[in-house]
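Just below is one structure, and these are the notes that go with it.
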Amino acid sequence: MKFSFLALVAMIICSSCLKQSIPDAMLASKSGGKGRVTATMSYKISGNPVSISVSDADNQPPDSYPHLYCRKNQSYYTFEAVGSTGEITFTFLTDSLTVGRYPYAISMYDTFVTEYNGVNEYVYAPSDSITVNVTSFTKGHISGDFSAVLTPLIMPGNVDVFGVPSSVPITNGSFKDVPVLY
Amino acid sequence: MHFDSSVEKRQTTAMNKRTIATSLLIFFFTQANAQLGVMRLVGNGTKDYKLGYGAFIKTGIPVSPGNDATVEIGADVFPLDDTYGTIMCPLKAGYRYTLDGSGKGFYVEPQVGFDIYGVTSLQDKNGGDVNLKYHGVIFAAGTGYLFSISDVSFDVNLRYETVIAHGGSNNLISLGISKGFSFGRRDSNY
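Those sequence lines, one after another, are chains A and B.
Residues in the first sequence are numbered consecutively from 14, following our numbering.
Residues in the second sequence are numbered consecutively from 23, following our numbering.
Set out below in structure tokens:
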């Protein structure tokens with residue numbers, strides 16, 4: 014009896030040493046068992062480097078600063094990133110995101126892509142484009158690369174005035190472990 | 023022919039299960055104590071929880087003059103706020119050992135069991151509702167005091183309990199009081 018009781022007390026003490034509560038452990042495993050995931054993104058816009066990093070990316074509030082996530086909408090996904098130099102966003106025109114290449118060129122409307130140091134850059138001219146390549150989509154996180162050629166919006170107004178077409182290149186774009194929120 | 027015998031076998035098995043379940047229920051409700059408790063979740067990730075409460079039915083089967091094998095089933099509720107919180111339904115077996123061997127007074131009681139239903143409802147940081155459902159193994163160790171007032175038995179007890187599941191544990195401390203409504207127990211009627 015004495016031995017059994019001591020053994021039980023030892024088991025309780027050992028199990029209490031588990032570092033997480035059950036809900037925390039389950040939430041951690043939902044995020045791919047990686048624990049806290051850091052989402053990162055980097056690119057060069059007109060040769061100027063930009064990088065965004067969000068720690069504990071699975072638990073970022075929607076409008077927090079900085080933020081970096083991909084959100085599922087009804088029939089498309091919106092990729093959003095906000096950092097110290099501005100924001101970048103693009104849309105995956107699919108209702109089921111998978112690994113693959115997602116090109117986007119001009120359509121009926123000018124499409125906002127990024128703001129860099131106060132200037133908004135659009136897919137506007139016929140020669141503008143943005144291409145996102147999702148190279149992995151595992152356990153709710155996407156990684157990949159992207160590039161774009163954009164036109165700056167110089168003077169917004171009733172009639173927007175754009176700058177030199179396709180004069181803003183985005184190169185060396187990459188993102189890693191960006192959570193897909195539903 | 024084979025079909026008929028297999029149907030008969032299934033019916034017999036189902037009847038046996040029902041008989042066992044009914045017997046257990048009758049045993050529980052004729053030998054049980056009702057218990058209320060206040061409890062507190064302790065450990066990592068529990069600081070936002072308010073004081074919890076629980077209700078239990080517990081029965082003891084005498085195995086020697088001063089000691090009982092015990093079976094307990096209950097429900098614990100730990101509110102986070104008006105909407106969210108944790109609920110656990112433990113089913114435990116234990117051994118209640120009175121220190122002076124009389125079946126009264128101070129006792130210690132180790133327990134093991136299973137969380138037959140556990141759910142934690144919370145809001146994630148994206149504003150979405152999350153319901154996490156789980157089962158788990160339970161280890162508990164408690165101590166208490168058995169006494170009577172006007173032939174009504176009471177049990178005041180303090181227990182530490184841990185539920186283990188999914189690589190984590192919910193740990194709680196419980197202070198409870200139980201009142202006996204048993205019918206066929208030993209003379210001490212605890």
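Even glycine gets a Cβ: it sits at the ideal position worked out from N, Cα and C.
Cβ distance (whole Å) where residue i is taken to contact residue j below 8 Å
| i | j | result |
| --- | --- | --- |
| A:Y82 | A:L194 | 5 Å |
| A:F150 | A:L106 | The pair is not a contact, with the Cβ atoms about 16 Å apart (cut-off 8 Å). |
| B:G96 | B:I79 | 7 Å |
| B:I195 | B:M110 | The pair is not a contact, with the Cβ atoms about 14 Å apart (cut-off 8 Å). |
| B:G76 | B:T92 | No, B:G76 and B:T92 are not in contact; Cβ-Cβ is about 16 Å, not under 8 Å. |
| A:N157 | A:N171 | Correcting the residue type first, residue 157 of chain A is Gly in the shown sequence and not Asn. About 37 Å; that fails the 8 Å criterion. |
| B:G123 | B:P84 | With a Cβ gap of about 12 Å, B:G123 and B:P84 do not count as contacting. |
| B:G135 | A:S34 | In fact, because the Cβ distance is near 19 Å, the residues do not count as touching under 8 Å. |
| A:V132 | A:P165 | 5 Å |
Strand pairing of residue i, partner residues [DSSP]
| i | result |
| --- | --- |
| A:P116 | A:T144 |
| B:V141 | B:I109 and B:K155 |
| A:H80 | A:V95 |
| B:G164 | B:E131 and B:R181 |
| A:G157 | A:V147 and A:F188 |
| B:I199 | B:L58 and B:V178 |
| A:V132 | A:Y129 |
Cα-Cα separation, residue i to residue j
| i | j | result |
| --- | --- | --- |
| A:E128 | B:T105 | 40 Å |
| A:P169 | A:P79 | 25 Å |
| B:K201 | B:L58 | 9 Å |
| B:A189 | A:S55 | This sequence places Gly at residue 189 of chain B; Ala is not what is there. Using only the alpha carbons, I get a separation of about 35 Å. |
| A:M39 | B:G107 | 15 Å |
| A:T98 | A:S68 | 18 Å |
| B:V185 | B:D137 | 7 Å |
| B:N153 | A:S88 | 26 Å |
| B:A115 | B:D70 | 30 Å |
| A:L163 | A:A41 | 39 Å |
| A:Y122 | A:V136 | 9 Å |
| A:K189 | B:P112 | 42 Å |
| A:N61 | A:R114 | 25 Å |
| A:I155 | A:A94 | 14 Å |
| B:G198 | B:N179 | 5 Å |
| B:Q145 | B:S175 | 43 Å |
| A:T102 | A:P178 | 19 Å |
| A:V50 | A:I65 | 14 Å |
| B:A163 | B:R181 | 6 Å |
| B:T172 | B:V99 | In the sequence on display, residue 172 of chain B carries Ser and not Thr. Going from the Cα of B:S172 to the Cα of B:V99 covers about 32 Å. |
| A:D252 | B:G74 | Any property of residue 252 of chain A remains undetermined from this structure, which presents chain A solely from 14 to 195. |
| A:T144 | A:F92 | 13 Å |
| A:V112 | A:K152 | 13 Å |
- Message: Within 8 Å, do at least three Cβ pairs link the segment 71–80 of chain A to the segment 177–184 of chain A?
- Response: no
- Message: Closer than 8 Å between beta carbons: that is the criterion. Which residues of the segment 150–181 of chain B meet it against chain A?
- Response: V152, L154, Y156, G158, F161, A162 and A163
- Query: What residues from the segment 187–201 of chain B come within 7 Å of chain A, judged by C-beta to C-beta, listed N to C?
  - Reply: A187, H188, G189, G190, S191, N192 and N193
- Mind checking the segment 59–86 of chain B against chain A and listing, in chain order, the residues whose C-beta falls within less than 9 Å of any C-beta there? L63, V64, G65, N66, G67 and T68
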